[in-house]
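Protein chains in written order, with my numbering: chain A, 402 to 492; chain B, 7 to 264; chain C, 129 to 217. A virtual CB, placed ideally from N, CA and C, is assigned to each residue, including glycine. It should be emphasised that the depicted structure is a prediction, and the values quoted were computed from it without experimental measurement.
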Amino acid sequence: MSGARLELDRESAGVGLVTLVLALVELLRQLMERQALRRLELGDLTPEQIEEVGATLLALEQRMTELRDHFGLTPEDLNLDLGPLGPLLGD
Amino acid sequence: MTGEPALWVYAVTPTGSALPSGCGVDGEALRRVAHAGLAAVVSAAGWAGRPGVLEQELRDPKRLETVARAHHEVVEACFRSGPTVPFRLGTLYRSDEGVRDLLAQRREELATALTMVAGRVEWGVQAYAVTSHDPSTATDEPNDTAPPGTAYLLRRRSQRMARERAERSAWEAASQVDAALTAVAVAARSQSSVGAAWRRDTVGTQVLNMSYLVEEAAGDQFRTIVGQLARRYPGLALRVTGPWPAYSFVEFKGGGEG
Amino acid sequence: MTPAIADPVGHHPVQRVPLVDLLDRVLGKGVVVSGDLSICIADVELVRLSLRLLLSSIRADVPGVFSGPAAQPVLEPAAAPARLPEGSR
Numbered sequence: 402m403s404g405a406r407l408e409l410d411r412e413s414a415g416v417g418l419v420t421l422v423l424a425l426v427e428l429l430r431q432l433m434e435r436q437a438l439r440r441l442e443l444g445d446l447t448p449e450q451i452e453e454v455g456a457t458l459l460a461l462e463q464r465m466t467e468l469r470d471h472f473g474l475t476p477e478d479l480n481l482d483l484g485p486l487g488p489l490l491g492d
Numbered sequence: 007m008t009g010e011p012a013l014w015v016y017a018v019t020p021t022g023s024a025l026p027s028g029c030g031v032d033g034e035a036l037r038r039v040a041h042a043g044l045a046a047v048v049s050a051a052g053w054a055g056r057p058g059v060l061e062q063e064l065r066d067p068k069r070l071e072t073v074a075r076a077h078h079e080v081v082e083a084c085f086r087s088g089p090t091v092p093f094r095l096g097t098l099y100r101s102d103e104g105v106r107d108l109l110a111q112r113r114e115e116l117a118t119a120l121t122m123v124a125g126r127v128e129w130g131v132q133a134y135a136v137t138s139h140d141p142s143t144a145t146d147e148p149n150d151t152a153p154p155g156t157a158y159l160l161r162r163r164s165q166r167m168a169r170e171r172a173e174r175s176a177w178e179a180a181s182q183v184d185a186a187l188t189a190v191a192v193a194a195r196s197q198s199s200v201g202a203a204w205r206r207d208t209v210g211t212q213v214l215n216m217s218y219l220v221e222e223a224a225g226d227q228f229r230t231i232v233g234q235l236a237r238r239y240p241g242l243a244l245r246v247t248g249p250w251p252a253y254s255f256v257e258f259k260g261g262g263e264g
Numbered sequence: 129m130t131p132a133i134a135d136p137v138g139h140h141p142v143q144r145v146p147l148v149d150l151l152d153r154v155l156g157k158g159v160v161v162s163g164d165l166s167i168c169i170a171d172v173e174l175v176r177l178s179l180r181l182l183l184s185s186i187r188a189d190v191p192g193v194f195s196g197p198a199a200q201p202v203l204e205p206a207a208a209p210a211r212l213p214e215g216s217r
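Now the structure itself:
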């Protein structure tokens with residue numbers, strides 16, 4: 402695993418900028434994926450559209466994995482804790 | 007003591023109860039203000055006398071922890087020596103007279119509350135839906151024939167559906183747990199999760215956060231039942247805390263300017 | 129996964145009480161009885177606290193993406209982390 406590891410500790414290092422950016426990208430990715438699944442359920446996409454959306458989301462997921470690995474972050478590292486609002490990306 | 011005079015109220019007990027040894031928030035001495043058979047345990051809290059100071063100070067997590075633990079230590083000490091109506095953080099009065107007014111005006115409710123909590127303790131029970139973090143749990147729909155993007159979406163869909171099914175059954179299990187525990191408790195209350203900001207150790211979605219008022223002598227039986235429920239519902243992780251003073255079973259209607 | 133039950137805490141030194149559960153109980157929906165100095169510790173205050181902690185904890189020494197030369201590295205290894213005090217878990 403390449404790249405320096407970000408230590409997440411709110412007492413000193415805090416949440417780094419990269420982590421914040423990737424957390425937000427991941428949030429968007431999950432929202433888009435959820436929306437795509439909803440459209441899939443509704444059945445109003447053509448097979449070609451399904452494939453295009455799916456391929457894009459697949460590529461996005463792979464890219465996120467690469468970025469996380471590069472910066473030494475786990476999926477849990479991106480699940481920022483918003484206190485009473487719960488974790489950013491859900492449980 | 008700085009600021010306007012203020013008294014921090016910890017709990018109300020019958021006048022016969024012993025005053026706890028030890029001290030209160032910020033090491034202030036404890037004393038009692040008594041009226042008509044009831045006694046409020048108080049200490050000086052001049053720092054909180056000006057409006058807004060308490061809220062301001064409690065925004066600091068370390069200060070909040072210090073104050074909360076000091077408050078609880080007094081409540082616990084009262085609770086060990088007899089029936090105790092615990093107060094939550096931040097009940098402040100300007101003077102002994104104000105406290106006596108409280109005891110006089112709320113006499114009925116306080117006496118009833120003391121009867122309700124005498125010989126009983128509060129147990130906190132939480133249940134979490136045990137979630138698997140392994141994303142590749144989907145087993146159906148071999149996707150050899152589907153193009154990769156479509157296969158990905160189908161895989162995601164079945165994972166999502168499996169997660170939702172698991173969560174639904176966790177909620178159902180939680181309500182079974184609640185029903186079983188309520189049956190052996192004097193009372194049950196849904197527990198507010200204001201401490202969620204500091205919660206770090208969850209194993210999954212919280213599907214139950216309850217407090218149960220239980221006869222003090224029935225503590226072992228209660229814990230045994232929780233153990234049995236944990237075995238019956240392997241999809242839940244159960245967590246028990248207590249015994250607590252009956253914080254959650256004391257409620258007063260219409261608190262206002264005293 | 130075997131379900132876990134925490135050992136009940138029992139009558140113990142107060143420092144061992146789990147802070148999270150204590151706060152659930154002593155904060156609640158504000159005061160049970162309002163004293164004549166009425167205060168209300170609402171959930172809103174805690175939300176603000178958490179959001180502020182999140183925002184203010186973005187490291188000040190990390191250069192912003194809109195400032196400085198593009199080649200400036202955004203990532204720096206952190207100092208040895210201090211663990212949160214045990215009582216606050």
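- In this chain, the alpha helix (DSSP H) harbouring B:S175 covers P154 to A189.
- Looking at B:V80, B:G88, B:Y134 and B:F255, the one whose alpha-carbon comes closest to that of B:S181 is B:Y134.
- Excluding the 5 residues flanking it on each side, B:F255 has same chain C-beta neighbours closer than 7 angstroms at M122, V123, E128, A193, R195 and L219, in chain order.
- Going by beta carbons, B:A252 and B:P11 fall outside the 8 angstroms limit.
- Taking C-beta atoms as the reference points, B:A35 and B:T21 fail to come closer than 8 angstroms.
- Here B:V59 is not bridged, per DSSP, to any residue.
- Among the residues facing chain C, B:L109 is not included, as its CB has no counterpart in that chain under 8 angstroms away.
- Under the three-pair Cβ rule at 8 angstroms, the region 451–462 of chain A counts as touching the region 149–161 of chain B.
- Interface criterion met: the Cβ of B:G155 is under 8 angstroms from a Cβ in chain A.
- Those residues of the region 422–456 of chain A placed with their C-beta closer than 9 angstroms to a C-beta in chain B are E434, R435, A437, L438, L441, E442, P448, I451, E452, E453, V454, G455 and A456, ordered along the chain.
- In the three-state reduction of the DSSP assignment, B:T118 falls in the helix class, which pools H, G and I.
- Shown here for B:A110: same chain residues with a beta carbon closer than 8 angstroms to its own, the five before and five after excluded, namely H41 and A42 in chain order.
- Around the Cβ of A:L425, a 10 Å sphere holds fewer than 16 other Cβ atoms; the residue is exposed.
- For B:R229, the CB contacts under 7 angstroms within the same chain, skipping 5 residues up- and downstream, are V246 in chain order.
- Here A:P488 is bridged, per DSSP, to A:D482.
- Sequence-distant partners of A:L423 (beyond 5 residues in either direction) whose C-beta falls short of 8 angstroms from its own C-beta, in its chain, are M465, L468, R469, F472, L474 and L479.
- The beta carbon of B:R113 sits closer than 7 angstroms to the beta carbons of A42 and L44 from its chain, once the five residues preceding and following it are set aside; these are given in chain order.
- Between A:D482 and A:P488, the C-beta gap is smaller than 8 angstroms, which places the two residues in contact.
- Scanning chain C for C-beta atoms nearer than 8 angstroms to the C-beta of B:Q182 yields nothing, as the closest lies near 14 angstroms away.
- A Cβ-Cβ contact shorter than 8 angstroms links B:A17 with B:T90.
- DSSP, reduced to helix, strand and coil, places B:A252 outside both helices and strands of the structure shown, so it counts as coil.
- Check the Cα spacing between A:E462 and each of A:R439, A:L428, A:E442 and A:L446: the tightest is with A:L428.
- The C-beta distance from B:G241 to B:A168 rounds to 12 angstroms, too long to meet the 8 angstroms contact threshold.
- If you compare the alpha carbons of B:T211, B:A185 and B:R171 with that of B:I231, the shortest gap goes to B:A185.
- Counting the other CB atoms within 10 Å of its CB gives B:P57 a total below 16, which places it among the exposed residues.
- For A:E434, the closest C-alpha among the options B:L159, B:T188, B:A176 and B:Y239 is that of B:L159.
- Nearest to B:V190 by C-alpha distance, out of B:E221, B:L25 and B:D32, is B:E221.
- Within chain B, the residues whose beta carbon sits less than 7 angstroms from that of C:R153 are W250, Y253 and S254, listed in sequence order.
- With a threshold of 8 angstroms between beta carbons, B:L244 makes no contact with chain A.
- Annotated as distal: B:G130 and B:G55, with beta-carbon spacing of 8 angstroms or more.
- Of the candidates B:D107, B:L235, B:M216 and B:R126, the residue whose Cα lies closest to the Cα of B:G225 is B:R126.
- In terms of CA proximity to B:G30, B:V73 leads the group B:V73, B:R237 and B:R65.
- Beta-bridge partners of B:H41 (DSSP): B:L44.
- The C-alpha of B:S175 lies about 51 angstroms from the C-alpha of B:G104.
- When DSSP states are grouped into helix, strand and coil, B:V246 belongs to the strand group.
- In the displayed model, B:V232 falls within a helix according to three-state DSSP.
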